[in-house]
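**Q** Chains as they are written, first to last, in the numbering used here: chain A, 1 to 334; chain B, 1001 to 1334. Following this message is one structure expressed as structure tokens.
2 protein chains.
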Amino acid sequence: MRSTIKDVSAIAQVSTKTVSRVLNKERYVSVETRQRVERAVAQLNFRPSAAARTLAGKRSYQIALIYDNHSPHYIHQIQTGVWARCIEEGVRLLAQPSDAASTQLADEIGGLIDQTQVDGVILSSPVTDSSAALDELERRGIPYVRISPGTEHGRSSSVSMDDVQAADDMTSHLIALGHRRIGFIIGHTNHTASDLRLFGYRRALDRAGLNFEPKYVRQGQFDFASGEAAADRLLDLPNPPTAIFASNDDMAAGVLTVAHRRGMSLPRDLSVAGFDDTALASQLWPPLTTVRQPTRDLAYAATELLFEDQEDPVHRRLAHELVLRASTAAPRPD
Amino acid sequence: MRSTIKDVSAIAQVSTKTVSRVLNKERYVSVETRQRVERAVAQLNFRPSAAARTLAGKRSYQIALIYDNHSPHYIHQIQTGVWARCIEEGVRLLAQPSDAASTQLADEIGGLIDQTQVDGVILSSPVTDSSAALDELERRGIPYVRISPGTEHGRSSSVSMDDVQAADDMTSHLIALGHRRIGFIIGHTNHTASDLRLFGYRRALDRAGLNFEPKYVRQGQFDFASGEAAADRLLDLPNPPTAIFASNDDMAAGVLTVAHRRGMSLPRDLSVAGFDDTALASQLWPPLTTVRQPTRDLAYAATELLFEDQEDPVHRRLAHELVLRASTAAPRPD
DNA sequence: GGCTAGTATGACAGCGATGTCAGAACTTGC
DNA sequence: GCAAGTTCTGACATCGCTGTCATACTAGCC
């Protein structure tokens, strides 16, 4: 039923080793032999057993994607990007959800490697920042690339966008519209991107000569509910902000909901900006001004780096983009 | 570095075969021997090579999830459910996005099986309905379970919810609120669920003695933009509907946007209902009345069925739930 | 005591590839 | 015409497990 290299070698009249050579595109196979083998492979629709290859050789033709993120949309983008590059490379993708905060993370990763002998690993935030996980990978000499790491940037190859600059751009945009009291909702405490975005917000205020006022800044957790809570507190202030910049779209959606609930007219009474440009952003009312994060492309680029197998860590930075929609406008004159 | 069964057997003072027996929970191992082996395994933190197991035995300890769906949220729920059951079973999950409409689907699946020797496959809609895919799986004798299949229900084990009843329930709810002109937006043409939901809508109208009026029904494609387009056409009718029931939440979001754009006051001027209860539903304004589809649980149950390995096809049906939020209300009196 | 059935263990082959190494068949340079 | 490469090919061991089969021990029973 399933055919093996032996079947192919019988048809092509060569040794199994030669078939293996053709399969692996090794040098030193004559053109004529190669063609004969390829014909036999096609005839049988032969596909080598991954298990046997893994056992005998040094490669498993599988990589793993380790993720722990609360945004399905983000994960989906990541998976799509990684997958696209894997297909091109003829490599399978193992999905490995996990808990970045768990003390067992390193052990889980060790288990994954021991069992599957994956050729490499892609880490997405916030697992990128678990040094126990990185230690484990390095101890075993498994190549890995991180997507948007928050810490130890020099430690491995990685791809990322410029969170600071993006948040700075968005804040500057709000300032340019005329806003002077700009609320900010910080992202999840575990994600370094949260700090970077906050920093970008402050930098833009500084440059514009505006005071940084802690009361206009609230902690969120990247989810809708925390966005609602933060918005409520910001809008309850005696002198509330005329614009709120949330560190991701889900929280921005929470802000919109609170504003609607209070009967505010958007964007006249309140400008709202998000971050990520998830599908959600364009499906809200009003459509959300946000930062387009090139998530899929980041994932693709990360996987590309993984296969390139560089000597020294390489970092690629992809461009973000401000997406201006109807949720931001000039503030109502005082 | 990596330890093998041999290392374990040396420490436990038994043959490698006995270690293998303990690992596989086979019968006929004395309690004392089992404990000795388990201690050695723990001491070495030993984990068997999946590749060697696959090659030598009949199992690969991997299953694949094949999906092709345009809703990230749905896929994420599915993955989470499948994954949860896999973990319990000590089995790895291979992610296999694919194109249900592609003529190469069967070949891709064949390749997947030949290469990885997966122990089983979970199919999610609409790949569930590709008979070429099912043929291929059966030809190779790979167990598979389908999540919400649309066709050939008897052909394999499956899990599903009652789409007809759910759509009927929602429509009845709108009727009970007092609506008489209820618009309906059909889902994607490839998904059988689309037909079932339409049927449920008609059934509820019938039972209430309301006429089915084709002009109140528009084709959508499960995405936001098609929801917008359909809503525009429905609301442009001379005698527009007072409620619109969209076959999923993304399209319902499109309806909300159109209504907002037209300056309508929701839900007074228009009631809107969705289907799925994705995260989106509660993040919109007004929060969306919808049908909670137990997607994660369906996936979990499907995976469970896969591992149970029944003789005859088994079908499990999970309950849906109407989630009533602020997007529906009684119509404005004429 | 001798028989059967059930329990417990190990020796050994083999799964389907690749790595190593040896050797044959060509080139090339002088 | 011969040594020294370079190209091409195959024999065979091997990767780390599990399947098969043989064997030994323990009860239980007539």
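Ideal placement from N, C-alpha and C gives every residue a C-beta, glycine not left out.
Buried or exposed for A:Tyr61, please, with buried defined as at least 16 other CB atoms from any protein chain shown within 10 angstroms of its CB.
**A** buried
**Q** Identify which residue in B:Ser1125, B:Ala1100 and B:Ala1052 has its Cα closest to the Cα of B:Tyr1074.
**A** It is B:Ser1125 whose Cα lies nearest to the Cα of B:Tyr1074.
**Q** Skipping 5 residues on each side, what residues in its chain have a beta carbon closer than 8 angstroms to that of A:Gly150?
**A** Counting only Cβ-Cβ distances below 8 angstroms, and skipping sequence neighbours, we find Ser125, Pro126, Thr128, Asp129, His191, Thr192, Ala193, Asp195 and Leu196.
**Q** Could you check if B:Leu987 is buried or exposed, using at least 16 other CB atoms within 10 Å of its CB as the buried criterion?
**A** Since the first and last residues shown for chain B are 1001 and 1334, residue 987 of chain B lies out of range.
**Q** Are the C-beta atoms of A:Ala350 and some chain B residue less than 8 angstroms apart?
**A** With chain A covering only 1 through 334, there is no way to say anything about residue 350 of chain A.
**Q** With 8 angstroms set as the bound, which would you pick, yes or no: does the beta-carbon of B:Pro1143 sit closer than that to a beta-carbon of chain A?
**A** no
**Q** With which residues is B:Ile1147 paired in a DSSP beta bridge?
**A** B:Ser1124 and B:Val1159
**Q** So for B:Pro1097, helix, strand or coil by DSSP?
**A** strand
**Q** Please give me, in chain order, every unbroken run of the beta strand (DSSP E) with length at least 3 that falls completely inside the stretch 1208 to 1283 of chain B.
**A** 1217 to 1219, 1243 to 1246 and 1271 to 1273
**Q** Can you pull the DSSP bridge partners for A:Tyr74?
**A** DSSP, once it has assigned bridges, lists no residue as partnering A:Tyr74.
**Q** If we define contact as Cβ-Cβ less than 8 angstroms, is B:Arg1034 a contact residue for chain A?
**A** Not closer than 8 angstroms to any Cβ of chain A, the Cβ of B:Arg1034 fails to qualify, so no.
**Q** Which ranges would you report for the alpha helix (DSSP H) in the stretch 1308 to 1333 of chain B if only whole runs of at least 4 residues count?
**A** List check, alpha helix (DSSP H) in window: nothing returned.
**Q** If the criterion is Cβ atoms closer than 8 angstroms, does the pair A:Val159 and A:Arg34 meet it?
**A** no
**Q** Cα separation between B:Ile1147 and A:Leu93?
**A** 22 angstroms
**Q** Since B:Leu1065 sits in a beta bridge, which residues does DSSP pair it with?
**A** B:Ala1095 and B:Ile1122
**Q** Candidates B:Gln1104, B:Arg1047 and B:Ala1279: which alpha carbon is nearest B:Ser1071's?
**A** B:Ala1279
**Q** Do A:Ala302 and A:Val258 have their CB atoms nearer than 8 angstroms?
**A** no
**Q** Can you tell me where the alpha helix (DSSP H) holding A:Val291 begins and where it ends?
**A** Not the alpha helix (DSSP H): A:Val291 falls in the beta strand (DSSP E), residues Thr290 to Arg292.
**Q** Assign B:Leu1237 to buried or exposed, taking buried as 16 or more other Cβ atoms, counted over all protein chains shown, within 10 Å of its Cβ.
**A** Its Cβ having fewer than 16 others within 10 Å, B:Leu1237 is exposed.
**Q** Based on DSSP bridge pairs, tell me the residues matched to A:Phe184.
**A** A:Val217 and A:Phe245
**Q** Roughly how many whole angstroms lie between the Cα atoms of B:Ala1281 and B:Ala1326?
**A** 11 angstroms
**Q** Please tell me whether A:Ala51 has its Cβ less than 8 angstroms away from any Cβ of chain B.
**A** Interface residue, yes.
**Q** Given a cut-off of 8 angstroms on the beta-carbon distance, is the pair A:Thr295 and A:Ala273 in contact?
**A** no
**Q** State the DSSP-derived secondary structure class of B:Gly1141, mapped to helix, strand or coil.
**A** Here B:Gly1141 carries a coil assignment [DSSP, helix/strand/coil].
**Q** Would DSSP call A:Ser9 helix, strand or coil?
**A** helix
**Q** For B:Gln1096, count the other beta carbons within 10 Å of its own beta carbon; 16 or more makes it buried, fewer makes it exposed. Which is it?
**A** With 16 or more Cβ atoms within 10 Å of its Cβ, B:Gln1096 is classed as buried.
**Q** Can you check whether the C-beta of A:Phe224 is within less than 8 angstroms of a C-beta belonging to chain B?
**A** yes
**Q** Please determine if the stretch 1248 to 1258 of chain B and the stretch 1028 to 1043 of chain B are in contact, where contact requires at least 3 C-beta pairs separated by less than 8 angstroms.
**A** no
**Q** Where does A:Pro214 land, buried or exposed, given buried means 16+ other C-beta within 10 angstroms?
**A** exposed
**Q** So the alpha helix (DSSP H) B:Gly1111 belongs to, where does it begin and stop?
**A** Segment Leu1105 to Thr1116, the alpha helix (DSSP H) holding B:Gly1111.
**Q** Within 10 Å of its beta-carbon, does B:Asn1248 have 16 or more other beta-carbons around it, so buried, or fewer, so exposed?
**A** buried
**Q** Tell me the rounded alpha-carbon separation between B:Gln1117 and B:Arg1002.
**A** 24 angstroms
**Q** Taking Cβ positions only, does A:Ile75 come closer than 8 angstroms to chain B?
**A** yes
**Q** Using a Cβ-Cβ cut-off of less than 9 angstroms, list which residues of the stretch 275 to 292 of chain A approach chain B; keep chain order.
**A** Residues of the stretch 275 to 292 of chain A with a C-beta atom less than 9 angstroms from some C-beta of chain B are Thr278, Ala279, Leu280, Ser282, Gln283, Leu284, Trp285, Pro286 and Pro287, listed in chain order.
**Q** To the nearest angstrom, report how far apart B:Ala1132 and A:Ala100 are at their CA atoms.
**A** 40 angstroms
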